[in-house]
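**Q** Each residue of the sequence shown is one higher than the last, beginning at 262 in this note's numbering.
For glycine and all other residues, C-beta sits at the position ideal for the given N, C-alpha and C.
Just so it is clear, the structure is predicted and the values come from calculations on it, not from any experiment.
Questions regarding the structure given below will be posed in turn.
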Amino acid sequence: MSIKHRPVKNSLFLTGFFILVALTGCESPSTSSIVFSGETMGTTYHIKISSESNQESIALLKQGVDELLVGVNQIFSTYIATSEVSKFNKNRSIEASKQSMALISLLEEAFRISNMTDGAYDVTVGPLVNLWGFGPEFKEEDVPSEQEILDTLKNIGYTKVVLDADRQTIKKLNPRIYIDFSSIAKGYGVDQVASYIEAKGYVNYMVEIGGEMLVRGINEEQTKWRIAVEKPDASGRSIHRIINVTDTAIATSGDYRNFFEKGGMRFSHTINPKTGKPVQHDLAAVTVLADKSMTADAWATAFMVLGGKKGYDLAIENDIAVLFLIKEGDNLKEMMTPSFKAELNEQNVSSVHMKFMPIEHKTINEGYSS
262 MSIKHRPVKN
272 SLFLTGFFIL
282 VALTGCESPS
292 TSSIVFSGET
302 MGTTYHIKIS
312 SESNQESIAL
322 LKQGVDELLV
332 GVNQIFSTYI
342 ATSEVSKFNK
352 NRSIEASKQS
362 MALISLLEEA
372 FRISNMTDGA
382 YDVTVGPLVN
392 LWGFGPEFKE
402 EDVPSEQEIL
412 DTLKNIGYTK
422 VVLDADRQTI
432 KKLNPRIYID
442 FSSIAKGYGV
452 DQVASYIEAK
462 GYVNYMVEIG
472 GEMLVRGINE
482 EQTKWRIAVE
492 KPDASGRSIH
502 RIINVTDTAI
512 ATSGDYRNFF
522 EKGGMRFSHT
532 INPKTGKPVQ
542 HDLAAVTVLA
552 DKSMTADAWA
562 TAFMVLGGKK
572 GYDLAIENDI
582 AVLFLIKEGD
592 NLKEMMTPSF
602 KAELNEQNVS
612 SVHMKFMPIE
622 HKTINEGYSS
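What follows is the structure, encoded as structure tokens:
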């Protein structure tokens, strides 16, 4: 018998946004803020801007954001057969192919983090995720054979893709290479929406897509944005810690909601691209702060692959702001890098526990489910 947990992707991230709303006033939107939301990338987005505006200008702003995100989807969604990445994945040619600057720039960032993590982060891991039943095609939960894993591993590896940013081309060294931007595309979308909002003259805002978040300036209460980090507990929802931040991107990843159990063993959705198997370590969740949302997004996945000890050492080495939550029996142990500690103050050093606001989840199949 097996038990499988298949939540809406990034429910823990979405929690962060809804707690943020609760902490900044959940009765009604402030007259000094612009608030709107929509659907994209298999999830939802939420935007809050500390500025007064009329309904007409809000509608125009939302229209612009929606159009921008449709364009992002058309590049990165593996669920859209005509998307740029889908065409690349279907093409079995090993000749270099011209790609959009958006795809090239995102692949550059992905490969940068792949190199820094010695391949622990890898956007070609998709076939392994699918093999273990955590991909877009839901399958009966089962543990694949060693031979199935070895066969799939032959088609995994970011070094099997040659990127030429100057010529704006990418080339497969293995014709069956498959790129899936699920672990970084939502962050990229957040960054693009943020740039769009700033181009419209706004400087105080929060953008969130599927839990990937970026904040700038101050909220409508003229203070830093208050962000809640969820306690990693599959049985319920509560806040582990609140951080007050500004001018930063925030991403969280964990292994406690998306997994299955079989034969007395627990198999997480986080797959190690080197072993081809779900990670087995004591890291329950990580929260990463970075300048860009796509960077925080990718690093959160990378640290979940690496685990607490290796992840912490790498974060220290590269001065990355990270909160690691380590499982110690029924308890949690915090490990914070100095950069993360610098974001805290006396008001929120101790853990905080609150009830979560009700959340209505929707699933939109557009290929961002890793």
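So is Ile355 buried or exposed if we call it buried at 16+ other beta carbons inside 10 Å?
**A** Exposed, because fewer than 16 other Cβ atoms sit within 10 Å of the Cβ of Ile355.
**Q** Given that a residue counts as buried once 16 or more other Cβ atoms are within 10 Å of its Cβ, and exposed if not, what is Asp574?
**A** exposed
**Q** The alpha helix (DSSP H) spanning Met377 covers which residue range?
**A** 362-377
**Q** Between the C-alpha atoms of Lys447 and Asn376, what's the straight-line distance to the nearest angstrom?
**A** 21 Å
**Q** Return helix, strand or coil for Tyr457, following the three-state DSSP convention.
**A** helix
**Q** If I follow the unbroken beta strand (DSSP E) through Asp684, where does it start and stop?
**A** Here the chain covers residues 262 to 631 and nothing more, so residue 684 does not appear.
**Q** Out of Ala363, Gln324, Glu328, state which residue places its alpha-carbon closest to the alpha-carbon of Phe337.
**A** Ala363
**Q** Leaving aside the five residues before and after Ala563 along the sequence, list all residues of the same chain whose C-beta is less than 7 Å from its C-beta, in chain order.
**A** Ile374, Thr378, Ala381, Tyr382
**Q** For a test of the three-state rule: what should DSSP assign to Thr556, helix, strand or coil?
**A** helix
**Q** Would you mind working out which of Ser444, Glu473, Ile503, Val384 sits nearest Ile438, comparing C-alpha positions?
**A** Val384
**Q** When you compare only the Cα positions, how much space is there between Ser294 and Glu578?
**A** 39 Å
**Q** Can you list, in chain order, the residues of its chain with a C-beta nearer than 6 Å to that of Val451? Leave out the 5 residues immediately preceding and following it.
**A** Here the set comprises Val468, Ile470, Glu473, Leu475, Ser554.
**Q** Would you kindly work out how many angstroms separate the C-alpha atoms of Asp591 and Gln360, rounded to a whole number?
**A** 48 Å
**Q** Can you grab the Cα-Cα spacing for the pair Ala510 / Lys309, in whole Å?
**A** Note on geometry: alpha-carbon atoms of Ala510 and Lys309 lie some 15 Å from one another.
**Q** Assuming Lys351 is part of the alpha helix (DSSP H), what are its boundary residues?
**A** 345-351
**Q** Would you mind working out which of Ala576, Gly462, Trp393, Leu424 sits nearest Leu414, comparing C-alpha positions?
**A** Looking from the CA of Leu414, the closest CA among Ala576, Gly462, Trp393, Leu424 belongs to Trp393.
**Q** Compare the Cα-Cα distances from Ile341 to each of Gly303, Val326, Tyr449, Asn505 and report the closest residue.
**A** Gly303
**Q** Whose C-alpha, out of Leu567, Lys421, Ile319, is nearest the C-alpha of Ala545?
**A** Leu567
**Q** If contacts are defined as beta-carbon pairs under 8 Å, then Ser581 and Ser600 qualify, I think. What distance do you get, rounded to the angstrom?
**A** In the sequence as displayed, the identity of residue 581 is Ile instead of Ser. Contact holds; Cβ gap of about 6 Å.
**Q** Within the same chain, show all residues whose beta-carbon is closer than 6 Å to that of Asp508, passing over the 5 residues directly before and after it, in chain order.
**A** Arg477
**Q** I'd like the span of the beta strand (DSSP E) that includes Ser514, first residue to last.
**A** 509-515
**Q** Which class does Glu328 belong to by DSSP, given the choice of helix, strand or coil?
**A** In the three-state reduction of the DSSP assignment, Glu328 falls in the helix class.
**Q** By how many angstroms is the C-alpha of Gly418 removed from the C-alpha of Ile410?
**A** 14 Å
**Q** Identify which residue in Glu313, Glu300, Thr343, Ala557 has its Cα closest to the Cα of Ile445.
**A** The option with the nearest alpha carbon to Ile445 is Ala557.
**Q** Which whole-angstrom value describes the C-beta separation of Met565 and Val547, a residue pair presumed to lie in contact below a C-beta threshold of 8 Å?
**A** 6 Å
**Q** With respect to the alpha helix (DSSP H) encompassing Ser600, which residues constitute its N-terminal and C-terminal limits?
**A** 599-602
**Q** Going straight from the alpha carbon of Lys433 to that of Ala371, what length do you get?
**A** 16 Å
**Q** Distance, Cα to Cα, His542 vs Lys535?
**A** 15 Å
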